[in-house]
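> Numbering (UniProt numbering), first residue to last: 1 to 493. Just so you know, even glycine gets a beta-carbon here, dropped at the ideal spot from N, CA and C. So that we are looking at the same thing, I have put the structure below in structure tokens.
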């Protein structure tokens, strides 16, 4: 199992702190070491200048004889310095009390700006460590007159001067400094991890509330919501999205409950009719014709239930994205006229006129489009009184093909018009149905229209104004080469 977010963030805090302290510690350690080195070089260079001066003044045998005493006096107050002066023949003119330098361990090199006769070296035997230099210094030639008075004159071979400064105390200090740095980094890492855990644990409190709320969710507690105030900005969007999800779930469960109740109501009526008809038929002996009428009546109820089940299965497929229209370019005027021919007898029986105006082409599946338009037309005819028209208007705005189906009717409030496409929606408490198709009578006709249109990438809406109820279908437009004919009104009966 992956570590928790709190643990990971705590470790990230600790690692980041250690990395920062490592960089800072390395910088401090280098700065201190370079500072000590500069101090040592300054002290050693000063002593070299003094030794040059003393050796340069030794121009007489008496001066050479007093040279050891002069060099020894020059080292007073510098117990950490070691000095050796070797003559050209290898004999030592002078060796200080600390002049026994360990073997040379570091590669000799010149320092920046040093003359060619100076090499900086390091002596170390594990017990003692010295930083110093090896210089070639002429004897009996004063430094200030060397260039001016001896130019072109052969000088005697120079003496070799070894000057070393004991840096053991520096090394001890640096070792202790590094130990303190390591200890400080470990303590800082632990403190950063603890602080990171506390901060992260507090910052993730809204997530724990979401987890607790999600764990307690059931169908009866979908109304619970997380407070959206006093939460971090990074988590507020999650809280808002979680509350929106709960609202959608609550709405879905409510609609599912309503649909279940409506299905039970719709099925109860035909089942009650079937039961009553069967009981009446069994109460007394009937002739064959009467039994045949009972069977025909029962068949109608069975067909109604079958139609309802078929519609529900169609909507279930639409809900799961299983509707895959085979789109082709269709002349909508031709499709509507074919449906006018189909509904002509029923419209004539009800005294309704069917009127078509305009022209447009759309990309649509012909069978699905026919079903959607059939539901809209049957719904309009069913709610239109005798002597009034049902109008179908076709429009093309260049991007969408519009189909407007209108019929006279009482005004529908906007909040109800937006819900006409819901399954089994009843616009009033009497359970009178708006949106029933005359053919099916299941209360699913407009829901099927919406599913078909949306499967084509279109949209459908309902509106009511000036005594007319209008359903507008928008579909992707198609371009066809056809001879545009004049609108053909339906028959007036």
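1) On the three-state DSSP scale, how would you describe residue 316?
2) Quick one, which of 422, 194, 311 and 247 has its alpha-carbon nearest residue 11's?
3) Kindly list the residues whose CB is nearer than 8 Å to the CB of residue 101, restricted to its own chain and excluding five residues on each side of it in sequence; keep chain order.
4) My output table needs one value for residue 250: the three-state DSSP class, helix, strand or coil.
5) State the beta-bridge partners of residue 460 as determined by DSSP.
6) For residue 291, which residues from the same chain have a beta carbon less than 8 Å from its beta carbon, with the 5 sequence-adjacent residues on both sides left out?
7) Quick one: Cα of residue 16 to Cα of residue 30, how far?
8) Could you say which of 181, 238 and 470 lies nearest to residue 410 if we only look at CA atoms?
9) Drop a sphere of 10 angstroms on the beta-carbon of residue 453, count the other beta-carbons inside from all chains shown, and report buried for 16 or more, exposed for fewer.
10) Out of 67, 276 and 43, state which residue places its alpha-carbon closest to the alpha-carbon of residue 78.
11) Report the partner residues of residue 401 according to the DSSP bridge assignment.
12) Which stretch, first to last residue, makes up the alpha helix (DSSP H) that contains residue 210?
13) Terminal residues of the continuous alpha helix (DSSP H) containing residue 6?
14) For residue 306, list the residues DSSP reports as bridge partners.
15) Just how far apart, CA to CA, sit residue 3 and residue 457?
16) Leaving out five residues before and five after residue 374 in sequence, what residues of the same chain have Cβ atoms less than 7 Å from its Cβ?
17) Can you pull the DSSP bridge partners for residue 137?
18) So, at 7 Å on beta carbons, what are the nonlocal neighbours of residue 450 in its own chain, with the 5 sequence-adjacent residues on each side left out?
19) Suppose the cutoff is 6 Å on Cβ atoms and the five residues either side in sequence are ignored; what does the same chain contact list for residue 326 look like?
20) May I ask you to report which of helix, strand or coil DSSP gives residue 228?
21) With a threshold of 16 other CB atoms inside 10 Å of the CB of residue 428, please say whether the residue is buried or exposed.
22) Identify the residues that DSSP records as bridge partners of residue 330: which are they?
23) Residue 14 and residue 196: beta carbons closer than 8 Å?
24) Which same chain residues, not among the five before or five after residue 9, have their C-beta less than 7 Å away from its C-beta?
25) Quick one: what does DSSP say residue 124 is sitting in, helix, strand or coil?
26) Select from 227, 65, 25 and 120 the residue whose C-alpha is nearest the C-alpha of residue 94.
27) Leaving aside the five residues before and after residue 455 along the sequence, list all residues of the same chain whose C-beta is less than 6 Å from its C-beta, in chain order.
28) From which residue to which residue does the beta strand (DSSP E) around residue 82 run?
29) How is residue 412 classed by DSSP in three states: helix, strand or coil?
30) Within 10 angstroms of its Cβ, does residue 76 collect 16 or more other Cβ (buried), or is it exposed?
31) Short check: CB of residue 166 to CB of residue 88, under 8 Å?
32) Helix or strand or just coil, what does DSSP make of residue 344?
33) Who are the Cβ neighbours of residue 181 in its own chain at under 6 Å, not counting the five residues just before and after it?
34) With distances taken Cα to Cα, identify the nearest neighbour of residue 401 among 383, 342, 344 and 472.
35) I need the DSSP call for residue 448, collapsed to helix, strand or coil.
36) Measure the beta-carbon distance from residue 207 to residue 226 and round it to whole angstroms, keeping in mind my assumption that it falls under 8 Å.
Concretely, from the data shown:
1) Translated into positions along the chain shown, residue 316 becomes position 316. Residue 316: helix per DSSP, three-state reduction.
2) Start at 1 with the first residue of the chain shown, and residue 11 comes out as number 11. Answer by Cα proximity: 194.
3) If you number the chain shown from 1, residue 101 lands on position 101. These residues qualify, in order along the chain: 82, 84, 123, 130, 132, 162 and 164.
4) What you label residue 250 is simply residue 250 of the chain shown in a count that begins at 1. Three-state DSSP puts residue 250 in a helix.
5) Sequence index remark: in the chain shown, residue 460 carries index 460 (1-based). The partner list for residue 460 (beta bridge, DSSP) reads 473.
6) Locating residue 291 in the chain shown gives position 291, where the first residue counts as 1. Result list for residue 291: 281, in chain order.
7) Indexing the chain shown from 1 puts residue 16 at position 16. Indexing the chain shown from 1 puts residue 30 at position 30. Spanning the two alpha carbons is a distance of roughly 21 Å.
8) On the chain shown, residue 410 is found 410 positions in, with the first residue counted as 1. Nearest of 181, 238 and 470 to residue 410, Cα basis: 470.
9) Here residue 453 is taken as the residue at index 453 of the chain shown, counted from 1. Buried is the call here.
10) The residue given as residue 78 occupies position 78 in the chain shown. Ranking the options by Cα distance to residue 78, first place goes to 43.
11) The residue given as residue 401 occupies position 401 in the chain shown. DSSP output for residue 401 lists 396 and 475 as bridge partner(s).
12) Walking along the chain shown from the start, residue 210 turns up at place 210. Note, residue 210: alpha helix (DSSP H), 205–216.
13) On the chain shown, position 6 is the one that residue 6 refers to. Counting along the chain, the alpha helix (DSSP H) containing residue 6 begins and ends at 5–57.
14) As a first step, residue 306 must be located in the chain shown, where it is residue number 306. For residue 306, which the question treats as bridged, DSSP gives no partner whatsoever.
15) As a position in the chain shown, residue 3 is number 3, starting the count at 1. As a position in the chain shown, residue 457 is number 457, starting the count at 1. Going from the Cα of residue 3 to the Cα of residue 457 covers about 44 Å.
16) As a first step, residue 374 is located in the chain shown; it is residue number 374 there, counting from the start. Taken in chain order, the residues that qualify are 339.
17) Translated into the one-based positions of the chain shown, residue 137 becomes position 137. Answer by DSSP bridge pairing, in chain order: 159.
18) In the chain shown, counting from the first residue as 1, residue 450 sits at position 450. Here the set comprises 421 and 460.
19) Here residue 326 corresponds to residue number 326 of the chain shown, with the count starting at 1. 365.
20) Along the chain shown, read from residue 1 onward, the residue named residue 228 stands at position 228. Coil, per DSSP.
21) As a working mapping, residue 428 is identified with position 428 in the chain shown. Unreliable placement is indicated for residue 428, whose pLDDT of 46 sits below 50; the coordinate value is still reported in the next sentence. Exposed is the call here.
22) For the purposes of this step, residue 330 is taken as residue 330 along the chain shown, with counting starting at 1. Bridge partners of residue 330: 362.
23) Position 14 of the chain shown holds residue 14. Position 196 of the chain shown holds residue 196. Yes, the pair counts as a contact, with Cβ atoms nearer than the cut-off.
24) Locating residue 9 in the chain shown gives position 9, where the first residue counts as 1. Within the same chain, residue 9 has close Cβ partners 196 and 200.
25) In the chain shown, residue 124 corresponds to position 124, counting from 1. Residue 124 falls in the strand class under three-state DSSP.
26) Here residue 94 refers to the residue found at position 94 of the chain shown. The residue with the shortest Cα to Cα distance from residue 94 is 65.
27) What you label residue 455 is simply residue 455 of the chain shown in a count that begins at 1. If we look at residue 455 and ignore the five residues flanking it on each side, its Cβ neighbours are 323 and 325.
28) Position 82 of the chain shown, counted from the start, is the residue given in the question as residue 82. Here the beta strand (DSSP E) through residue 82 covers 81–86.
29) Locating residue 412 in the chain shown gives position 412, counting from the first residue. Coil.
30) If you number the chain shown from 1, residue 76 lands on position 76. Answer is exposed; the Cβ neighbour count stays below 16.
31) On the chain shown, residue 166 is found 166 positions in, with the first residue counted as 1. On the chain shown, residue 88 is found 88 positions in, with the first residue counted as 1. It is not a contact, given that the beta carbons lie outside the stated cut-off.
32) As a position in the chain shown, residue 344 is number 344, starting the count at 1. Of the three classes helix, strand and coil, the one that applies to residue 344 here is helix, per DSSP.
33) The residue you call residue 181 lines up with position 181 of the chain shown. For residue 181, where only same-chain residues beyond five positions count, the Cβ hits under 6 Å are 25.
34) Indexing the chain shown from 1 puts residue 401 at position 401. With distances taken between Cα atoms, residue 401 lies closest to 472.
35) By 1-based counting over the chain shown, the position of residue 448 is 448. Helix, per DSSP.
36) Taking the first residue of the chain shown as 1, we reach residue 207 at position 207. Taking the first residue of the chain shown as 1, we reach residue 226 at position 226. So it is not a contact: roughly 10 Å between Cβ atoms.
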